[in-house]
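Single-structure report; data block below.
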Amino acid sequence: MSLLALVFLLRLPTPPGTLREKMGRMDWITSAFIIGLTWGGVTHPWSSAQVLVPLILGAAGFVATDPIITWSLLQNRTSVSGYVQTFISPVAVVAVAYYLPVYYQACQNASPIGSSVDFLSVALIMAPMVVLGGVSVAVLQRYRPQIWISWCLFIIGMGCFTVVHADTPKAVIIGLSAPHSVGAGIVYATTYFPVLSPLPVTANAHALTFFSFCRSFAGVRHGHQLPPYPHLNVLRRSRDPLLKVWGVSIGAAILRNELAKRLPAEFLQQVLNNGRPDSSNVNLAFSVIPLTRKLDDPLRHEVRVAFGEAVRVIWKTMTGIVAIGLLASLMMKDVPRYVGENWDLGQAPEKGNKSPQLEEMKQGSTSVLPEMLHRMSESSAL
C-alpha cells in the first residue's frame, strides 16, 4: 500500500542531473561508519579489524564533497535539540512495550496473548495521539508548546509506572498508562519540526536522513543478550543487531541485577536445579515465568514481588532518561515552520529573484511568524 501511494500520489520536482551523477553524490564511504557502530561489541570485538576498518573509513568519509550528513545540520541548537529528542523517545517507548507485558505475565498471571491484549491500553491511545500531534502543529502553526506538554506527560506517565507493585489492580495500571501513551504519541509526531524549521528547505533530505538515523540508532543493541521472554522469541531468532534495542538491553541488565538480589533462594533451587543466584541463572528464570503460576504460596507471592520490584527499577531509570528529553527540548528556539511551496529543488534561484521572507526563514528568523500570522488573519477575515 505504501509503495502504491508513493507511485501514484507523491508529486515532487525531479532534481537535475543524470543517474550516474546522482549516484556519485551518494556518501557511500561514510555509511560504513554505521556498520562499525552496529558490529562493535555485538558481532565482533571493538578492537577487531571487522569493526575498526568500517569506523576508520567512515570517519574519513566525513570530509566527502557531498556528504549525506553535513555538519551544517548541527550548527543550531534547535535542530540539535530535535535530534536528541528523536533519540531519547524510542528508548523509553520500546522499554515500556517489552517490559510492561513482562510485568503482566510475571505479576498479574497473564498469558503471553493476554499480556498483549492488556498492552492495547497503551497502543490504542498512542496511535491517535501521533495524528493529533501533527494536526495540532498544522492548525496552530506552533510546535514548542505541544512538545513541552507531551514531554511533561511522558515523564508523569513513567513516574506513574514506578508506583505499580506486584499486587496493584490491573485496572489501575491501565489507567496509569494513559499519560505515558499521550505524551509518547505526541512526541513521536512533533520532533520533526524543531529539526527542520531552522534549516533551509534544500537541506531537508540530509536532515531527514540524519533524523531517521537517530531514531534507528535508538534501536541498536550494545553488548547485552536479550532476556528469554516468550514474547521476545522473534527477536531472539533474528541475527540482526538492529532489532535488539537500547531500551530492551538496559532493562535486561537492570532485571538481571535486581532479580539476582530479590528472587528467593528456594525458587532458584526448585527451578534452576540448585543454581546460584548469579546473572546467568537469573536469565534462565525469565524463561520460566509461566511456571510461577504453579508455585505454592508464600513462595509464589515472593517471586511475584521480586519481579514487580525489579520492573519498578526499570521505570525509574526510564523516567530519568525521559527527563533528558525534556531538558533537551528546552534548547529549542521559536523558529517558525516554512509553509511555502517553493522548496528550491533543482538549482538555486536566479540572482535578484530571492524571496526576502524565504531567506529570513532559512536563517531561522523569528520575525517571520508575526507577519505570517497577520497575513493568515487577513485572509480569513476576507
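Under mature numbering (1 follows the signal peptide of the UniProt record, and there is no 0), read the sequence shown as residues -20 to -1, 1 to 362, first letter to last.
Glycine is no exception: its CB is placed at the ideal position from the N, C-alpha and C atoms.
On a predicted model such as this, the values are computed, not experimentally measured, just so you know.
- The Cβ neighbour count for Leu248, taken over all protein chains shown within 10 Å, is at least 16; the residue is labelled buried.
- Approximately 17 Å separates the beta-carbon atoms of Leu120 and Val162; this is outside 8 Å, ruling out the contact.
- With contact defined as three or more Cβ pairs closer than 8 Å, the region 283 to 292 and the region 82 to 99 are in contact.
- Per the C-alpha coordinates, the member of Val31, Arg122, Cys140 positioned closest to Lys313 is Arg122.
- For the pair Pro70 and Phe190, the Cα-to-Cα distance works out to about 15 Å.
- Residue environment for Thr272: buried (at least 16 other C-beta atoms within 10 angstroms of its C-beta).
- Runs of the alpha helix (DSSP H) lying entirely within the region 28 to 111, each at least 4 residues long, are 29 to 40, 57 to 87 in chain order.
- Restricting attention to Lys241, Val97, Met106, Leu35, the CA atom closest to the CA of Gly165 is found in Met106.
- In this structure, Leu80 is the residue among Ser196, Leu80, Ala40, Leu(-17) with its C-alpha nearest to the C-alpha of Gly137.
- Straight-line measurement puts the Cα of Glu238 at about 38 Å from the Cα of Ser59.
- Of the other Cβ atoms in all chains shown, fewer than 16 fall within 10 Å of the Cβ of Gly300; this residue is therefore exposed.
- It is roughly 12 Å from the alpha-carbon of Ala187 to the alpha-carbon of Arg195.
- Our two residues, Tyr168 and Ser101, have alpha carbons roughly 18 Å apart in a direct line.
- Residue environment analysis places Ile153 among the buried positions, since at least 16 neighbouring C-beta atoms fall within 10 angstroms of its C-beta.
- Rounded to whole angstroms, the gap between the alpha carbons of Ile230 and Val74 is 11 Å.
- Using a 10 angstroms sphere on the CB of Met298, the tally of other CB atoms reaches 16 or more, which defines it as buried.
- Residues Met138, Phe141, Thr142 of the same chain have their beta carbon placed closer than 7 Å to that of Trp295, with the five preceding and five following residues left out of the count.
- With a 10 Å radius around the Cβ and a threshold of 16 neighbouring Cβ atoms, Gly4 comes out exposed.
- Excluding its 5 nearest sequence neighbours in each direction, Ala12 has C-beta neighbours in its own chain below 6 Å: Pro34, Leu37, Gly38, listed in chain order.
- If you draw a 10 Å sphere on the C-beta of Met109, you find 16 or more other C-beta atoms in it, and that means buried.
- One thing to note: Ala183 has its Cβ no nearer than 8 Å to the Cβ of Ser(-19).
- In terms of Cβ geometry, Ser61 and Met311 form a close pair [threshold 8 Å].
- The criterion of a C-beta distance shorter than 8 Å is satisfied by Val175 and Tyr63.
- Here Gly305 is buried, its C-beta having at least 16 other C-beta atoms within 10 Å.
- Of all alpha-carbon atoms in Val111, Leu112, Tyr83, the one lying nearest the alpha-carbon of Asp98 is that of Tyr83.
- Per DSSP, Ser177 lies in no alpha helix (DSSP H) segment and is marked neither H nor E.
- Around the beta carbon of Arg242, 16 or more other beta carbons sit within 10 angstroms, so the residue counts as buried.
- Short of 8 Å from the beta carbon of Lys2, and not among the five residues preceding or following it, lie these beta carbons of its own chain, in chain order: Pro(-6).
- Taking the C-beta atoms as reference points, Val111 is found no nearer than 8 Å to Thr170.
- Within the model, the alpha-carbon separation for Glu282 versus Ala146 is close to 10 Å.
- Annotation for Ile135: the continuous alpha helix (DSSP H) segment containing it runs 124 to 141.
- If you ignore the 5 residues before and after Ala303, its C-beta comes within less than 8 Å of the C-beta of Ile135, all in its own chain and listed in chain order.
- Distance between Asp276 and Ser192, taken at the CA atoms: about 49 Å.
- If the five residues before and after Gly227 are omitted, its C-beta is found closer than 6 Å to the C-beta atoms of Val71, Val74, Ala75, all from its own chain and listed in chain order.
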